[in-house]
Amino acid sequence: MDAHDIDGKRQRFALRNDLETEHVKRLKKLYELSMTLSGDPVDIFKHVARIIAELFKVRVVCLSEIRGDQLYFISVYIDGDVFQDAGQCPLAITPCATVELSKDIRVYDRVSELFPEASFLQEHNAQTYCGFPVLDNHQNVVAITCLLDDKPHEFTDEDQALLRIFGQRISMELERQRHINERLKSEENLRQIQAMLLQTEQLAGMGSWEWNIPEGVIRWSPEMYRLNQIDSAEYPTLTPEVATSKVDPLDLEQVQANITQALVHGVWEPIEYRVRLQNDQIRSLRAEGLAVQFQQNLPIKLIGFVQDISELKKTQLDLERNLELLRGAEQLQRELKIAAQREQQRMSALLSAMNIGVLFEDQAGCIEFVNPAFKHLWAIRNTSDLTGFPSRDILAHSSHRLASPEHASRRVMQVLDSNEPSERFEIELHDGRILTQLSYPVTDYDGSILGRLWIYEDITQERQTAKQLLYLAERDPLTGLLNRHRFQEQLAQYLRMAKRHHIKFALLYFDLDEFKYVNDTFGHRVGDTVLVRIAGEIASLVQSSEIFARLGGDEFAIVIEHKQDSEPSMLAARIVNAVSSIPFRFRGANIRLTASVGIALFPDHGVEMEDLGAHADAAMYQAKSLGKNNWCIYDADRDMSAAMTTRMTWKSRIAQALEQNSFEIHFQGVYETRNRTLKHVEALVRMRDPQPQNPLIMPGQFIPVAEKSGQIIDIDKWVLQRSIEMLAKHPQMPPVAVNISGRSFDDPSLPRFIQTQLDKHQVDPERLIIELTETAAVSDIKDAQRFIEAINQAGCKVCLDDFGSGFSTFSYLKYLGVEMLKIDGMFIRDLTNNRDNQIFVKAMVDVARGLGKDIVAEFVEDAVTLEMIQNLGIQYVQGYYLGRPSPEVV
Numbered sequence: 075m076d077a078h079d080i081d082g083k084r085q086r087f088a089l090r091n092d093l094e095t096e097h098v099k100r101l102k103k104l105y106e107l108s109m110t111l112s113g114d115p116v117d118i119f120k121h122v123a124r125i126i127a128e129l130f131k132v133r134v135v136c137l138s139e140i141r142g143d144q145l146y147f148i149s150v151y152i153d154g155d156v157f158q159d160a161g162q163c164p165l166a167i168t169p170c171a172t173v174e175l176s177k178d179i180r181v182y183d184r185v186s187e188l189f190p191e192a193s194f195l196q197e198h199n200a201q202t203y204c205g206f207p208v209l210d211n212h213q214n215v216v217a218i219t220c221l222l223d224d225k226p227h228e229f230t231d232e233d234q235a236l237l238r239i240f241g242q243r244i245s246m247e248l249e250r251q252r253h254i255n256e257r258l259k260s261e262e263n264l265r266q267i268q269a270m271l272l273q274t275e276q277l278a279g280m281g282s283w284e285w286n287i288p289e290g291v292i293r294w295s296p297e298m299y300r301l302n303q304i305d306s307a308e309y310p311t312l313t314p315e316v317a318t319s320k321v322d323p324l325d326l327e328q329v330q331a332n333i334t335q336a337l338v339h340g341v342w343e344p345i346e347y348r349v350r351l352q353n354d355q356i357r358s359l360r361a362e363g364l365a366v367q368f369q370q371n372l373p374i375k376l377i378g379f380v381q382d383i384s385e386l387k388k389t390q391l392d393l394e395r396n397l398e399l400l401r402g403a404e405q406l407q408r409e410l411k412i413a414a415q416r417e418q419q420r421m422s423a424l425l426s427a428m429n430i431g432v433l434f435e436d437q438a439g440c441i442e443f444v445n446p447a448f449k450h451l452w453a454i455r456n457t458s459d460l461t462g463f464p465s466r467d468i469l470a471h472s473s474h475r476l477a478s479p480e481h482a483s484r485r486v487m488q489v490l491d492s493n494e495p496s497e498r499f500e501i502e503l504h505d506g507r508i509l510t511q512l513s514y515p516v517t518d519y520d521g522s523i524l525g526r527l528w529i530y531e532d533i534t535q536e537r538q539t540a541k542q543l544l545y546l547a548e549r550d551p552l553t554g555l556l557n558r559h560r561f562q563e564q565l566a567q568y569l570r571m572a573k574r575h576h577i578k579f580a581l582l583y584f585d586l587d588e589f590k591y592v593n594d595t596f597g598h599r600v601g602d603t604v605l606v607r608i609a610g611e612i613a614s615l616v617q618s619s620e621i622f623a624r625l626g627g628d629e630f631a632i633v634i635e636h637k638q639d640s641e642p643s644m645l646a647a648r649i650v651n652a653v654s655s656i657p658f659r660f661r662g663a664n665i666r667l668t669a670s671v672g673i674a675l676f677p678d679h680g681v682e683m684e685d686l687g688a689h690a691d692a693a694m695y696q697a698k699s700l701g702k703n704n705w706c707i708y709d710a711d712r713d714m715s716a717a718m719t720t721r722m723t724w725k726s727r728i729a730q731a732l733e734q735n736s737f738e739i740h741f742q743g744v745y746e747t748r749n750r751t752l753k754h755v756e757a758l759v760r761m762r763d764p765q766p767q768n769p770l771i772m773p774g775q776f777i778p779v780a781e782k783s784g785q786i787i788d789i790d791k792w793v794l795q796r797s798i799e800m801l802a803k804h805p806q807m808p809p810v811a812v813n814i815s816g817r818s819f820d821d822p823s824l825p826r827f828i829q830t831q832l833d834k835h836q837v838d839p840e841r842l843i844i845e846l847t848e849t850a851a852v853s854d855i856k857d858a859q860r861f862i863e864a865i866n867q868a869g870c871k872v873c874l875d876d877f878g879s880g881f882s883t884f885s886y887l888k889y890l891g892v893e894m895l896k897i898d899g900m901f902i903r904d905l906t907n908n909r910d911n912q913i914f915v916k917a918m919v920d921v922a923r924g925l926g927k928d929i930v931a932e933f934v935e936d937a938v939t940l941e942m943i944q945n946l947g948i949q950y951v952q953g954y955y956l957g958r959p960s961p962e963v964v
């Protein structure tokens with residue numbers, strides 16, 4: 075062998091070593107790639123791009139994914155740097171389109187010239203292109219990897235075989251990512267379902283359970299742990315012994331018998347039992363279940379639910395006292411049983427039973443659920459399936475028209491902040507109905523937003539009732555005229571206008587002469603008939619621009635503009651003539667009544683409402699002094715005559731009675747409506763007259779004078795002191811209610827006086843009830859709050875007397891801590907015949923119930939009225955039908 079042969083062998087040996095070394099490098103890179111394909115997807119694609127570039131010594135490697143007609147660059151290697159999500163371009167203008175079409179490797183020289191529209195080829199001055207496909211399990215091209223270089227490059231069969239291996243590896247990774255994404259989506263759906271199930275259980279007060287019998291393991295829902303007050307952290311799973319550890323011993327045998335039957339036969343009978351919780355609290359539960367898996371005819375898995383029926387049990391005990399209500403309780407029991415049997419649909423059933431419209435929307439604002447009430451309110455066909463539609467397009471499915479489309483359409487199903495509850499919004503429909511809209515965010519257990527709950531309610535009836543109540547609040551319930559409260563408001567407005575525009579007007583007061591005789595002789599119902607007839611006659615004399623009101627009793631008032639001097643006198647004369655011309659016939663007797671009218675002129679007789687009222691009242695009594703059946707314009711010279719003398723005489727008599735202890739207390743009972751059991755008594759003051767022919771003087775004769783003179787404060791304190799003394803003397807005596815006048819209410823020392831007397835005589839404060847008139851309380855809410863709070867701190871209850879006599883809203887009750895409301899007697903006297911009074915009283919009862927206050931009806935004078943009061947739900951009654959005032963201690 076010569077030297078030339080030896081050199082040839084050496085060169086071939088060296089070449090073989092280089093090829094083997096390159097082959098080893100490629101094997102190492104493949105091993106490295108296989109070790110990488112289990113990490114983070116981002117790192118995997120970056121590493122793959124880098125490995126390919128290093129193996130084939132190219133400047134650029136693009137790993138791209140096909141999405142529709144676009145090519146998305148998910149990982150790009152450029153001269154040693156790797157970029158993620160590097161952009162996209164149309165597939166058709168790239169050489170990659172030929173790879174997708176052939177589903178095989180494609181190699182191009184001078185590729186930039188062949189595909190001039192592909193900008194990424196121009197950017198990298200690509201001369202050589204090699205692209206290989208990534209195929210899924212169905213042999214579809216889902217991704218393409220291309221190698222670019224700015225100089226010619228040869229790809230051998232071995233290179234292409236290696237690239238196909240890379241394509242398989244990348245396909246495996248893409249498939250793995252798809253499975254991971256699907257699993258994550260499934261887990262998210264499961265989490266949302268679990269959150270909705272948890273919220274549903276909390277709303278329904280139901281918990282679910284599952285028992286794996288072979289393993290002896292019981293699993294509870296969170297609501298089950300709450301119902302039984304067992305710590306879920308301490309017992310993530312439970313044994314039968316732990317699960318029944320809170321069962322009342324009296325019910326344990328029954329529960330265990332039911333469990334035994336379920337274990338043997340797979341049948342779980344519905345059962346009710348009690349559990350004993352902390353602080354000896356008892357909770358009643360109802361359990362149902364069934365076997366869902368069997369092995370060799372024996373159950374191996376039970377599931378079921380438990381519902382808190384404590385409130386139901388309490389309601390049943392209360393309803394057992396009345397057979398009619400018992401039937402309702404039985405019906406409710408049946409409805410609850412039917413609802414419980416539909417456990418899988420309990421959320422839908424609960425919402426479907428509501429009269430309130432409910433809509434759930436998801437995070438994207440699409441409808442997930444609507445209940446039937448929602449469709450009914452919006453006039454949407456019951457057969458319409460709204461699931462998946464955008465909630466903001468709901469008006470397109472409704473046949474209702476909005477009264478103000480431009481305004482309302484911007485608010486319906488719209489919310490400014492999706493993380494907060496919306497404001498209450500009223501939607502007025504074209505047919506006059508009114509809906510309210512509210513919405514609340516629905517959150518996952520971790521606080522993330524799942525969607526939104528929209529609630530709609532028809533408040534048309536409530537709004538109509540409110541309008542009717544407002545009308546009744548401003549009107550006298552007997553005659554339909556303005557009442558005193560509304561008259562004073564309108565008179566004040568009229569007075570301000572008159573001052574501003576220099577208008578003269580007249581205020582007329584009139585009452586009926588000897589009207590008390592009619593009431594005493596023929597009864598209040600006849601008296602009411604007279605008042606209604608006279609109000610109707612006088613109303614025909616009053617123009618629509620004038621103000622006509624009933625102030626109370628038989629007192630009326632009229633305001634007319636004073637354009638001519640003769641106008642007020644002419645109207646007064648017509649009133650006198652009209653009243654005297656009305657023929658009345660009662661019990662076979664013909665009766666004609668007369669009226670006395672007083673006139674006060676603005677501004678001649680006063681520029682303030684109080685002065686005008688006082689002078690019109692004085693003028694009326696001046697007319698009576700002229701022989702009644704007359705009218706009179708206020709005369710200041712005659713104002714201080716006989717009336718003042720009478721008042722001065724009464725003032726002296728009251729002072730003498732206080733000094734000589736000549737007052738006495740009579741008691742009238744207040745009874746429970748249901749069984750007529752005595753609840754408490756009201757203290758009523760009387761004055762003993764030294765004249766033998768008139769032994770007792772009723773309060774109507776001396777109380778008005780005492781209120782004007784200020785002596786009423788001393789009378790109130792005398793009644794309070796005497797009542798407390800009698801409570802101390804008679805321990806078995808029921809509680810006593812004492813009525814406090816408006817003047818005493820203004821005395822800041824009165825609560826301390828009451829506290830001192832109670833302490834002095836050692837009387838339980840709960841046995842004393844303080845009655846305060848509604849008019850006094852409403853006149854100054856802040857003073858009333860302070861006074862009532864002081865009385866409550868002394869331990870006494872407070873009753874609001876004459877409730878409803880002069881209000882325009884019930885809202886003040888929120889600020890007064892009274893425990894009891896006594897309806898004004900004017901609503902009760904003619905309750906059975908007056909539809910307006912019935913509506914008004916029912917409204918007052920509803921308000922009292924809603925605020926948790928007791929309510930008393932006074933002036934109950936017959937059995938028919940008592941029966942109606944009982945049907946209206948009034949708890950307590952007072953009146954002659956049940957007992958007259960008496961000095962005897964009950």
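All residue numbers for the sequence shown refer to the working numbering, where the first residue is 75 and numbers rise by one. Even for Gly, the Cβ is constructed at its ideal location relative to N, Cα and C. It should be emphasised that the depicted structure is a prediction, and the values quoted were computed from it without experimental measurement.
Boundaries for residue 337: no beta strand (DSSP E) harbours it, while the alpha helix (DSSP H) harbouring it runs 323-339, taken from the DSSP string. Contact check for residue 669 and residue 649: beta-carbon distance about 6 Å, within the 8 Å limit, so the pair qualifies. Exclusion of the five residues before and after residue 358 leaves 346, 348, 383, 384 and 387 as the residues of its chain whose Cβ lies within less than 7 Å of its Cβ. Between residue 584 and residue 601, the gap from beta carbon to beta carbon reaches 8 Å or more. Within the DSSP secondary-structure output, residue 773 pairs in no beta bridge.
In the DSSP assignment, residue 180 falls within the beta strand (DSSP E) that extends over 180-183.
Straight-line spacing of the CA atoms in residue 763 and residue 728 works out to 10 Å.
In the DSSP assignment, residue 664 falls within the unbroken beta strand (DSSP E) covering 663-665. Contact between the stretch 732-740 and the stretch 780-792 is established, with three or more Cβ pairs separated by less than 8 Å. Sequence-distant partners of residue 426 (beyond 5 residues in either direction) whose C-beta falls short of 6 Å from its own C-beta, in its chain, are 445 and 446. Relative to the Cα of residue 298, the nearest Cα in the group 311, 168 and 872 belongs to 311.
Ranked by Cα distance from residue 679, the options 578, 587 and 333 are led by 578. Sequence-distant Cβ neighbours of residue 137 in its own chain, meaning closer than 8 Å and more than five residues away, are 119, 122, 123, 147, 148, 149, 150, 217, 219 and 244. Nearest C-alpha to residue 586 among 653, 642, 554 and 638: 653. Leaving aside the five residues that flank residue 628 on each side, the residues in its chain whose CB is nearer than 7 Å to its CB run, in chain order, 585, 586, 589 and 605. Assignment of residue 430 by DSSP, reduced to helix, strand and coil, places it in the coil class. The Cβ atoms of residue 672 and residue 697 lie closer than 8 Å to each other.
Each residue's CA atom was taken as its position, placing residue 289 and residue 516 some 37 Å apart.
Nearest C-alpha to residue 870 among 324, 858, 839 and 859: 839. The stretch 883-903 makes contact with the stretch 920-937, as at least three CB pairs between them are under 8 Å. By the neighbour-count criterion, in which 16 or more other beta carbons inside 10 Å mark a residue as buried, residue 937 falls on the exposed side.
Sequence-distant partners of residue 630 (beyond 5 residues in either direction) whose C-beta falls short of 6 Å from its own C-beta, in its chain, are 584 and 624. Close CB contacts of residue 439 within its chain, under the 7 Å cut and outside five residues either way in sequence, are with 464, 465 and 466 (chain order). CA-CA distance, residue 117 to residue 152, rounds to 16 Å.
Between residue 452 and residue 468 a beta carbon distance of about 7 Å is seen, short of the 8 Å cut, so the two are scored as contacting.
Closest by C-alpha distance to residue 689, out of 323, 582, 378 and 530, is 582. Secondary-structure assignment with DSSP links residue 499 through a beta bridge to 511.
Pairing residue 475 with residue 504 gives a Cβ-Cβ distance under 8 Å.
Less than 8 Å separates the beta-carbon of residue 179 from that of residue 204. Residue 531 holds the alpha-carbon nearest to the alpha-carbon of residue 502 among 531, 682, 307 and 647. In the three-state DSSP reduction, residue 916 falls in the helix class (H, G or I). A check of alpha carbon separations from residue 864 across 887, 949 and 892 identifies 892 as the nearest.
For residue 754, the uninterrupted beta strand (DSSP E) segment begins and ends at 752-762. Within the same chain, and ignoring the five residues on either side of residue 352 in sequence, the residues whose Cβ sits closer than 7 Å to its Cβ are 303. Listed as beta-bridge partners of residue 528 by DSSP are 433 and 513. For the 8 Å CB-CB criterion, residue 190 and residue 182 do not form a contact.
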